[in-house]
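Right, one structure below, let's go through it.
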Amino acid sequence: MAQLAVTLLGMACTAAWAEAPVQDIVVKGTIKAPNCQIDIAGGQGGGAVNYGPLSTTLVKPGYAFNPLEKSTLDWTITCDSETYLTYTVADNAKDSVNTRGQAVDRVFGLGWVREGEGKLGFYTMEVTEQTVDGQAAYHGTKYSDTTLDTRTRYWGGTSYYPLYNRYVHNTEGKIHGWGASDATISAPKPGRVFTMKMDIAPQLSGSADMGDAITENVSLSGSSTFTFAFGL
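What follows is the structure, given as structure tokens:
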């Protein structure tokens, strides 16, 4: 009986450890989106560029465009913590853009002479300088999930020409950002204070694209929306 008692006790101990202990691991944290403030100097403030009254003599005969004087906007985006910063652009007057002879992905509409008739022309937005926290950066468009295409020049024939990656693209969802270098492909550059100079360059359509002669006041009504995001 003594031997049997010892055996039963051993079985009882084994049974007591049969249920494995359970412990949860909990991983917590918060990815905090920075707060950023946008300031735009130049033009009439707040991103507005007003060319005021324009003479009808600026409308050239036929299909010839007439460029207006460029206007430069100085952007400063200040964030309260370090981040990557990117943006997309939507052309709010895209149906009115005159793309005749133009690179169609970099021109934005100026509106109509009459509702739905007579295209007033187009404007481009070219980024000429960029910095991040006071250090040089380069305008780029999304190349992959982790890189930007920041080429500022390309080889053509016997000369170098500006690559229109310096231009803001009108392609829906196209991502733009601040690159770390002007190499063919660049990593995005993180920081707190992002700046860029942007040349707004409108061109008026010729009379053939505007349609009938202008007999009453017509307003340029170009408009685009920049939507900023944190990261690629």
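Here this note's numbering is used: the first residue of the sequence shown is 453, the next is one more, and so on.
Quick reminder that beta carbons are idealized off the backbone N, C-alpha and C, glycines included.
DSSP has residue i in a bridge; who is on the other side?
i: L600; result: K594 and S638
i: I652; result: S523 and M577
i: A500; result: Per DSSP, none; premise fails for A500.
i: Y619; result: E578
i: N518; result: L656
i: V479; result: DSSP, once it has assigned bridges, lists no residue as partnering V479.
i: F646; result: I529 and V584
i: F560; result: Y575
i: Y539; result: H628 and F680
i: E569; result: R566
Judging by CA-CA distance, which residue of the options is the nearest neighbour of residue i?
i: N502; options: Y590, N550, T482 and S673; result: S673
i: G586; options: T528, A653 and M662; result: T528
i: M577; options: L506, K480 and P654; result: P654
i: D685; options: G573, L537 and G553; result: A question about residue 685 goes unanswered here, because the residues of the chain that appear run from 453 up to 684.
i: G631; options: D476, Q489, D664 and L600; result: L600
i: T679; options: S523, G663 and N622; result: N622
i: T691; options: I490, V559, T509 and G494; result: In the structure as shown, the chain starts at 453 and stops at 684, and residue 691 therefore has no counterpart that could be examined.
i: E624; options: N669, R558 and C488; result: R558
i: M662; options: Q554, F517, L506 and V478; result: F517
i: Q496; options: V478, I490 and S523; result: S523
i: K626; options: K484, I483 and T677; result: T677
i: A555; options: R618, E569, A589 and V479; result: R618
i: A665; options: E569, A589, T583 and V584; result: E569
Mapping the DSSP letters down to three states, classify residue i as helix, strand or coil.
i: L461; result: Because L461 sits at a pLDDT of 46, beneath the cut-off of 50, its placement in the model cannot be relied upon, and the point is left open.
i: R552; result: coil
i: S676; result: strand
i: K546; result: helix
i: Q455; result: The pLDDT assigned to Q455 is 42, lower than 50, so where the model puts this residue is not dependable; a value taken from the coordinates is nonetheless given after this. Correct three-state label for Q455: helix.
i: T509; result: helix
i: D664; result: coil
i: V471; result: The sequence as given places Glu at residue 471; Val does not occur at that position. Of the three classes helix, strand and coil, the one that applies to E471 here is coil, per DSSP.
i: A485; result: coil
i: G494; result: coil
Are residue i and residue j touching if we call contact CB-CB under 8 Å?
i: I492; j: L520; result: no
i: S533; j: P486; result: yes
i: V620; j: V579; result: yes
i: V511; j: S659; result: yes
i: K571; j: V549; result: yes
i: T530; j: F682; result: no
i: S693; j: N544; result: One cannot answer for residue 693 here, as it falls past the ends of the chain, which runs 453 to 684.
i: G629; j: G592; result: yes
Assuming residue i and residue j make a contact with CB atoms under 8 Å, what is their CB distance in whole Å?
i: Y575; j: I652; result: 6 Å
i: G563; j: S671; result: 7 Å
i: K649; j: E581; result: 4 Å
i: L684; j: D597; result: 6 Å
i: R552; j: Y515; result: 6 Å
i: T636; j: R603; result: 5 Å
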